[in-house]
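Taking it in order: structure first as structure tokens, then the write-up.
Right under this line is the structure:
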């Protein structure tokens, strides 16, 4: 393939090319040709190039330093010819890094899931927030079932209205202050009728396969602090976390370590702090009656 060099218009006829005329050292002869006044360029291997710019007009274009090769985007995708090789070299490394990142993300997700479920273990109430299942049959709101989004200010609902007056007052003070921190305190369960409590216990026995395991989550109707109106299960998770940090200021304490949503009133907590938690209701002397 011949290499063609442009010569200024008006040059004196064709010039025979020799090895000395080959500034590229590639044995392809150069052939000066006329193109037009004050315009010059260099075509390399039939590819289009641009004028070299302000070159010395007294120097023959055959001896000027060739301009940097510019490749048409259609031939190289707008990249250097060596770029595909670089990309190919990087591809295996990039693939490995992506694979490692995916594995790490999966491990973190699995660990986070185990941590979450250990904080909110399965129970007859919803394991995520202490919300019991809706009663079936004749049981309903009058037995302590709660509509979604119930707050401590909805005293027209029995689950709230039948709570101990001191507990309800402390809950309302806490809910008001939590709202200032943009945390909404919701009642997932409050007062319950004996029938509703027995229904929940039967569900727990069916779910866990034994009365012993069910007792870790649901008390009997005779010993439940929900039946007496002395306990509330709060949600969502942000509200339970807020009470865990600030509840003692209002006399509100988490009683069971396995139920982070279950709170009762302990008036002395504001001065002495909350009492030590029981691992679960089976360690609470009140449930052993």
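In UniProt numbering, the protein residues as written are 1 to 289. Beta carbons are placed, not taken as given, at the ideal position from N, Cα and C, and that holds for glycine.
Range of the contiguous beta strand (DSSP E) that encloses residue 262: Along the chain shown, one-based indexing puts residue 262 at 262. Per DSSP, residue 262 belongs to the beta strand (DSSP E) from 262-265.
Have a look at the DSSP bridge pairing and note the partners of residue 233. Within the chain shown, residue 233 is the residue found at index 233, counting from 1. DSSP, once it has assigned bridges, lists 189 and 262 as partnering residue 233.
Could you tell me the distance, in whole angstroms, from the CA atom of residue 227 to the CA atom of residue 191? As a position in the chain shown, residue 227 is number 227, starting the count at 1. As a position in the chain shown, residue 191 is number 191, starting the count at 1. Approximately 6 Å between the Cα atoms of the pair.
Helix, strand or coil: how does DSSP classify residue 139 here? Stepping through the chain shown from its first residue, residue 139 is reached at position 139. It is coil, neither helix nor strand.
Can you say whether residue 233 is buried or exposed, counting buried as having 16 or more other CB atoms within 10 angstroms of its CB? Looking up residue 233 in the chain shown gives position 233. Buried, because 16 or more other Cβ atoms sit within 10 Å of the Cβ of residue 233.
Any idea what DSSP makes of residue 41, helix, strand or coil? Position 41 of the chain shown, counted from the start, is the residue given in the question as residue 41. Note that residue 41 scores a pLDDT of 42, beneath 50, so its modelled location is shaky; the value from the coordinates is reported in the next line. Of the three classes helix, strand and coil, the one that applies to residue 41 here is coil, per DSSP.
Whole-angstrom distance between residue 188 and residue 238, CA atom to CA atom: Here residue 238 refers to the residue found at position 238 when the chain shown is read from its first residue. Here residue 188 refers to the residue found at position 188 when the chain shown is read from its first residue. Their backbone Cα atoms lie some 13 Å apart in a straight line.
Between the C-alpha atoms of residue 158 and residue 184, what's the straight-line distance to the nearest angstrom? Your numbering for residue 158 matches position 158 in the chain shown. Your numbering for residue 184 matches position 184 in the chain shown. Each residue's alpha carbon lies about 20 Å from the other.
How about residue 218 and residue 243: do their beta carbons lie closer than 8 Å? As a first step, residue 218 must be located in the chain shown, where it is residue number 218. As a first step, residue 243 must be located in the chain shown, where it is residue number 243. Going by C-beta atoms, residue 218 is not nearer than 8 Å to residue 243.
Are residue 250 and residue 165 close, meaning C-beta to C-beta below 8 Å? By one-based count along the chain shown, residue 250 stands at place 250. By one-based count along the chain shown, residue 165 stands at place 165. The answer is no: Cβ separation not under 8 Å.
Enumerated in chain order, which unbroken segments of the beta strand (DSSP E) with a length of 3 residues or greater are wholly contained in the region 167-226? 186-189
8 Å Cβ cutoff met for residue 172 and residue 152: Within the chain shown, the letter at position 172 stands for residue 172. Within the chain shown, the letter at position 152 stands for residue 152. Result yes, Cβ atoms of residue 172 and residue 152 sit closer than 8 Å.
Rounded separation between residue 212 and residue 285 - CA only: Residue mapping note: residue 212 aligns to position 212 of the chain shown, counting from 1. Residue mapping note: residue 285 aligns to position 285 of the chain shown, counting from 1. Taking the straight line joining both Cα atoms gives about 15 Å.
DSSP beta-bridge partners for residue 254? Locating residue 254 in the chain shown gives position 254, counting from the first residue. For residue 254, which the question treats as bridged, DSSP gives the partners 263.
Straight-line Cα distance separating residue 236 from residue 148: The residue given as residue 148 occupies position 148 in the chain shown. The residue given as residue 236 occupies position 236 in the chain shown. Residue 148 and residue 236: Cα-Cα distance of roughly 11 Å.
Is the separation between the beta-carbon of residue 240 and that of residue 258 shorter than 8 Å? Mapped onto the chain shown, residue 240 falls at position 240. Mapped onto the chain shown, residue 258 falls at position 258. For residue 240 and residue 258, no; Cβs fall outside 8 Å.
For residue 268, which residues in the same chain have their Cβ closer than 8 Å to its Cβ, ignoring the five residues on either side in sequence? By 1-based counting over the chain shown, the position of residue 268 is 268. 251.
Neighbour-count burial assignment, residue 209, 16 or more Cβ in a 10 Å radius: Translated into positions along the chain shown, residue 209 becomes position 209. Classification of residue 209: exposed, given that the 10 Å Cβ count is below 16.
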